[in-house]
Ligand code: SF4
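Here's what the structure looks like:
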């Protein structure tokens, strides 16, 4: 089994594609992590090379399938461990069928897997347009923390910036410690790395939280309780950041 | 700011309006305003019963001078009463909206004193929100039947969507259970607003009710059959160009009433009706194809299977050549499946293995399709019926809807998004 290890960047990934074709060595898995090597495994460390990557991206521009570069950038936001392999397989399918738009050939496993990967990301973006919860800070800006499966902070910014165009806000992915900031005019993304982010909330916040919890409780129709369905739509892993679900976490 | 007690009372009594959709409008934010509306709608949370919370659904007051038998707020019922001022509602909407808890407001009211007085207050609230608070989020207003036409039409200029609930599936039941309401009082505003909207659209003016009108009816409080209900539904779509018809299955609200059933209608019936609604709007079915006038929908399998079983002459269909609208009639093939098939077959002939790879539910579809002329199903009607029953996953009600394979669509069907 052939495995490629690389640096996890887009350029690195395209280098992998280049090497795979050049060396006629098609990897089964591609990863940016150290792997357990089995007896039959062939592991190659791929050195990121801008020149090689450029030749791959140029080649992709000449393929009939359109939007591949954009789609790959989006797919790289995935939080899944196998994302590099899925992307690689798709890119390979695109190149192997240079004169065909393969993007909708769902009977092809690589295409279907890639389309699923993309959908997971866009679906999560859609969900968090709803599940983000802001709280007002003492300094008057609004702050939200969340913990998405995929790295979607930057993808959410345009939505909130147009909705709250004159309200400064921060959305904070606590899993990756990445912050999307908007000051009322422009957006920026900041990687806080291992620095601690502290926010002081305004005193009124607790009141609004309670009003919201009251509302959440009173719209429920007891006779129709259906926890499975609710959890399907509102996965438990997101609850930690939702005030309406806090009461329940406490009573676990 | 409104207190917890009143918030509880006014939202608890509003929750039986099932519509929660925030879709259909793409209102933009203004220069110094707050908010916008997203075409597809957004769910901000989900209730314990699995419904989407998108809007703050609240009544201005639950003090009612009417006495509709099926309603918790009816005059003769002994419940806690409360009211809020238009400004209190506005403040609440703004605070929730800024925190991204909601997409907007679903405002309605019991009929306090007169329809006009109530409608005026509702209008006051929405104008305040738009003008004073510069709120550009979504507003759904439930109109008061028989209120003055001028008030109603004016509201249409400010809100995204309006609804007049037809309440019950026949005039007879309406007379019996909601004696103060009348068919004209409900239908005539729907009529003139539909006309206005049509005119506005022809002039490319999209500020009048951008998200159109909807309505709701209670199922199971009165004796109408499913066949009647879906004919009425189809008629409403045609006549008033409604965006949605909602069904709300009757939940007994309190002490015994000789006019009403004592047990709640199973949620399954409501669910089956929504499936039909979906077939009418998107799958190209006609009410007459699905059910006879006095027939009810079977519980064991969804209405599409019901139709398929009644029409063996339509099947099997060839996966590689059948047009999309024909594929959609096959049990086990939904929108997503048909989309994948139609696209994938451009690249080459599909066989059963390809379908399996695309996650078409072959167990359901097998008896209704051929791939390159090959048929692997059975022609034994009873066996076909049994597999459909067995593969019908929604016996665990609504947890898994076989007909709607995709999470988003499943959600839409249930909560009335899209
Ligand atoms: S008018 Fe009828 S349905 Fe509306 S609140 Fe009053 S009693 Fe209930």
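Residue numbers (the numbering used here), protein chains in the order written: chain A, 1 to 252; chain B, 1001 to 1418.
Backbone N, C-alpha and C fix where the C-beta goes; we use that ideal spot for every residue, glycine too.
- By the neighbour-count definition (other C-beta atoms within 10 Å, threshold 16), residue 163 of chain A is a buried residue.
- The ligand SF4 never approaches residue 1084 of chain B closely enough for any of its heavy atoms to be under 6 Å from the residue's Cβ.
- When CB distances to chain A are screened at a threshold of 7 Å, the residues of the segment 1339-1352 of chain B falling below it are 1340, 1343, 1344, 1347, 1350, in chain order.
- The beta-carbon of residue 1095 of chain B is placed less than 7 Å from the nearest beta-carbon of chain A.
- Residues of the segment 215-247 of chain A with a C-beta less than 9 Å from any C-beta of chain B: 215, 216, 217, 218, 219, 220, 221, 222, 223, 224, 225, 226, 227, 228, 229, 230, 231, 232, 233, 234, 242, 243, 244, 245, listed in chain order.
- Within the DSSP secondary-structure output, residue 1046 of chain B pairs in a beta bridge with B:1052.
- It is roughly 48 Å from the alpha-carbon of residue 80 of chain A to the alpha-carbon of residue 1155 of chain B.
- The beta carbon of residue 1028 of chain B sits closer than 6 Å to the beta carbons of 1036 from its chain, once the five residues preceding and following it are set aside; these are given in chain order.
- The residues 1298, in chain order, have a CB closer than 6 Å to that of residue 1306 of chain B in the same chain once the five nearest residues on each side in sequence are set aside.
- In this structure, residue 1023 of chain B and residue 1211 of chain B form a Cβ contact; the two beta carbons are roughly 7 Å apart against a cut-off of 8 Å.
- Straight-line measurement puts the Cα of residue 179 of chain A at about 35 Å from the Cα of residue 1336 of chain B.
- Within the segment 1296-1327 of chain B, no residue has its Cβ closer than 7 Å to any Cβ of chain A.
- With three or more CB-CB distances shorter than 8 Å, the segment 25-33 of chain A counts as touching the segment 73-91 of chain A.
- The segment 1283-1300 of chain B and the segment 1221-1234 of chain B touch, with no fewer than 3 CB-CB distances between them shorter than 8 Å.
- For residue 216 of chain A, same chain residues with a beta-carbon under 7 Å away, outside a window of 5 residues either side, are 244 in chain order.
- Chain-ordered, the chain A residues with CB closer than 9 Å to the CB of residue 1251 of chain B read 221, 223, 224.
- For residue 1161 of chain B, the secondary structure class from DSSP, reduced to helix, strand or coil, is strand.
- Taking a contact to require three or more Cβ pairs closer than 8 Å, the segment 1103-1111 of chain B and the segment 1050-1057 of chain B qualify as touching.
- For residue 181 of chain A, the enclosing beta strand (DSSP E) starts and ends at 178-182.
- Not flagged as an interface residue toward chain B: residue 70 of chain A, since no C-beta distance is shorter than 7 Å.
- The ligand SF4 approaches residue 1111 of chain B closely enough that one of its heavy atoms is under 6 Å from the residue's Cβ.
- Apart from the 5 residues on each side of it in sequence, residue 89 of chain A sits with its Cβ closer than 6 Å to the Cβ of 110 in its chain, given in chain order.
- At least one heavy atom of the ligand SF4 lies less than 6 Å from the C-beta of residue 1066 of chain B.
- When 9 Å is used as the limit between beta carbons, residue 1104 of chain B is near no residue of chain A, the shortest such separation being about 11 Å.
- Along the segment 1191-1225 of chain B, there is no position whose C-beta sits under 8 Å from a C-beta of chain A.
- The ligand SF4 never approaches residue 232 of chain A closely enough for any of its heavy atoms to be under 6 Å from the residue's Cβ.
- Per the Cβ contact rule, the segment 1111-1123 of chain B is in contact with the segment 1141-1152 of chain B (3 or more Cβ pairs under 8 Å).
- Collapsing the DSSP output to three states places residue 1318 of chain B in a strand.
- In the DSSP assignment, residue 1216 of chain B is bridged to B:1246.
- At a Cβ-Cβ threshold of 7 Å, residue 43 of chain A and residue 3 of chain A count as neighbours.
- If you compare the alpha carbons of A:104, A:160, A:7 with that of residue 126 of chain A, the shortest gap goes to A:160.
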